[in-house]
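Q:
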Amino acid sequence: MATAASDPSAQGRADPGSAVRTIDPADEQAFLDAIETWVAREVVPSVKRYDHADEWPGPLVEQMAEMGLFGATISSEYGGLGLPATTYAKIVMAISSRWMAVTGIINSHLIMAAAIERFGTEDQKRKWLPKLASGELRGGLALTEPNAGTDLQAIRTVAAQQADGSYRLNGTKTWITNAIHGSCFALLAKTDPAADPRYRGISLFIVDKREGESGLSTGKKFDKLGYKSIDTAELILDDYLVPQDHLIGGVEGQGFFQATGGLELGRINVAARGAGVAEGTLKLAADYAQQRETMGKPIAQHQAIQLKLGEMATRARAAKLLTLDAAEAYDKGERCDMEAGMAKYFASEAAVKNSEEAMRVFGGYSYSKEYDVERFYRDSLFMCIAEGTNEMQRMIIAKQYLKANPA
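1 is the number of the first residue of the sequence shown in the UniProt record's numbering; add one for each residue after it.
1) Is the Cβ-Cβ distance between Y88 and A72 less than 8 angstroms?
2) Specify, as a first and last residue, the run of the beta strand (DSSP E) that S96 falls within.
3) What does a CB cutoff of less than 6 angstroms around R198 pick up in its chain, not counting 5 residues either side in sequence?
4) For T294, write down the residues that DSSP places opposite it in a beta bridge.
5) For the alpha helix (DSSP H) containing V373, list its first residue and its last residue.
6) Would the stretch 308–315 and the stretch 278–286 be scored as touching if the rule is three or more Cβ pairs under 8 angstroms?
7) Below 6 angstroms CB to CB, which residues in the same chain sit around R104 once its five sequence neighbours on both sides are set aside?
8) Out of S46, L216, E264, which has the shortest C-alpha to C-alpha gap to R335?
9) If you reduce the DSSP assignment to three classes, tell me which class A14 lands in.
10) Would you kindly work out how many angstroms separate the C-alpha atoms of A351 and G276, rounded to a whole number?
11) Once you ignore the five residues that flank residue 408 on each side, which residues in its own chain have a CB closer than 8 angstroms to its CB?
12) Which residue or residues does DSSP assign as beta-bridge partners of F346?
13) Return yes when the Cβ of V270 is within less than 8 angstroms of the Cβ of E374, no when it is not.
14) So, for G253: in the same chain, excluding its five sequence neighbours on each side, which residues have a beta-carbon less than 6 angstroms away from its beta-carbon?
15) Would you identify the three-state DSSP class for I105, choosing helix, strand or coil?
16) Does the beta-carbon of T37 have 16 or more other beta-carbons within 10 angstroms, so that it is buried, or is it exposed?
17) Relative to the C-alpha of K220, which residue among I236, S366, D208 is closest?
18) Would you kindly work out how many angstroms separate the C-alpha atoms of T150 and R138, rounded to a whole number?
19) For L225, which three-state DSSP category applies?
20) Quick check on this structure: which residue in E122, H109, L129, S46 has the alpha carbon closest to the alpha carbon of R98?
21) Does the contact criterion of 3 or more C-beta pairs under 8 angstroms hold for the stretch 241–253 versus the stretch 204–211?
22) Below 8 angstroms between beta carbons: does that hold for R273 and M395?
23) Nearest-angstrom Cα distance between I106 and T294?
24) How far does the alpha helix (DSSP H) with W128 in it reach, from first residue to last?
25) Alpha carbon to alpha carbon, how far is I305 from I299?
26) Flag this pair as yes or no: are the beta carbons of M112 and G140 separated by less than 8 angstroms?
27) Which word fits T174, buried or exposed, when buried means at least 16 other C-beta atoms lie within 10 angstroms of its C-beta?
28) Identify every run of the beta strand (DSSP E) within the stretch 209–264, keeping only runs that are complete inside it and at least 3 residues long; order them along the chain.
29) Exposed or buried, H52, counting other C-beta atoms within 10 Å across all chains shown (16 or more means buried)?
30) Between Q290 and P57, what straight-line distance do the alpha-carbon atoms span, to the nearest angstrom?
31) In the structure shown, what three-state DSSP assignment does G310 receive?
32) For R360 and L321, I'd like the C-alpha separation in whole angstroms.
33) Where in the stretch 139–166 do unbroken runs of the beta strand (DSSP E), each at least 3 residues long, occur, reported from the N-terminal end onward?
34) Is E339 closer than 8 angstroms to A326 when the C-beta atoms are compared?
35) Pull up the CB-CB distance for G262 and A159, whole angstroms please, since I reckon it's below 8 angstroms.
36) Tell me the rounded alpha-carbon separation between V242 and Y167.
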């Protein structure tokens, strides 16, 4: 087996010896039924207002906290629900089939929590995870920088250790979900800018906006095409001091592996969102096609529309199965970067294609904000970029496949 120094891709996977998470099917169905009821009663009636105004959905966020969603995948030992990734994926699919963007709030939050639970010290777990699980703290992931997105090893944010052991951070993070309304972030910084290879000099820190330290501020908020209502902004660090015990795991140089390991869950989340959007747009298109009539019959009876619906249904089903396959591997503690990449890539592309086809089924009405289909289309494009571009996913898939299948 390759070592950390020789094979960075081997790091960040789930512990193979960790317990497999399971849930009683009846309990899972009861939880999913509760989610469906909440979506129908609270999300659907308000989504247009929040989306069109690009307004933070505060009441919905509080309700998600009350339902325990901020602790969905956090172990019950630390106050979370301890749900399997498969159940979590089904929850995300159900919500995303009506409004994808709102699930982004818990995605970034739970990636941060996963990094702490998998790689943090026991003191860090007991300090941070219960508050993250309850929603008292709203977390986020601060990796991306103006000149470093896919290539995380190119980050320029620097953490210089001080005489008392604390770290002084300087740099700018960008495209950070929950940057405005979040409380704390798992933030990637260079503790050794001269390290070779570069990943050895990267560490992951917990930065807390509530601590009152000067030097951490929110920068520009992005006005986005889609993914509305969810704050996406810059985080600026100007001589920001972080205590030594905020270094995740307590050891420098592990941040690259810790951050990319958390992205497995993030990519499963994005895949679930894509599968949800693919299913949601299929449902919208099928319902509309059975009601809209041309030439004396519903357009669903025209072969051209049936061909679209058949392809849409197949894509939605395949996206769901790929997502659950990746989630099952994650639950077993298996390495699943290839499976998560496959699911994220296919499901996000399925979301875009199904949204586009739904627009065509709706015809001229699809271009009106009166109908939900235009929002699905705007939101779907985001998923081909989030948590690693689809171009990068295909490269990861190819490398892992070739490694497992040498000539």
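Yeah, the Cβ is synthetic: ideal placement off N, Cα and C, and Gly gets one too.
A: By the coordinates alone:
1) yes
2) Per DSSP, S96 belongs to no beta strand (DSSP E); it is in the alpha helix (DSSP H), 85–96.
3) Q153
4) In the DSSP output, where bridge partners are listed per residue, T294 has K297.
5) Unbroken alpha helix (DSSP H) run through V373: 373–382.
6) yes
7) Residue 104 is actually Gly in this sequence, not Arg. Correct list, in chain order: T177, I230.
8) E264
9) Unreliable positioning characterises A14 in this predicted model, as indicated by a pLDDT of 41, which lies under 50. A coordinate reading is not provided.
10) 8 angstroms
11) Summary: the structure shown does not reach residue 408, with the chain confined to residues 1 through 407, and so no result is reported for it.
12) Partner(s): none; F346 has no beta bridge.
13) no
14) R200
15) Looking at I105 - three-state DSSP - the assignment turns out to be helix.
16) exposed
17) Looking at the Cα atoms, I236 is the closest of the given residues.
18) 25 angstroms
19) coil
20) Minimum Cα distance to R98 is reached at S46.
21) yes
22) no
23) 43 angstroms
24) 122–134
25) C-alpha separation (whole angstroms): 7 angstroms.
26) yes
27) buried
28) Runs of the beta strand (DSSP E) inside the stretch 209–264: 216–221, 232–242.
29) exposed
30) 33 angstroms
31) The answer is helix: DSSP assigns G310 an H, G or I state.
32) Taking the straight line from one Cα to the other gives about 26 angstroms.
33) 139–142, 158–161, all fully within the stretch 139–166.
34) yes
35) With a Cβ gap of about 18 angstroms, G262 and A159 do not count as contacting.
36) 5 angstroms
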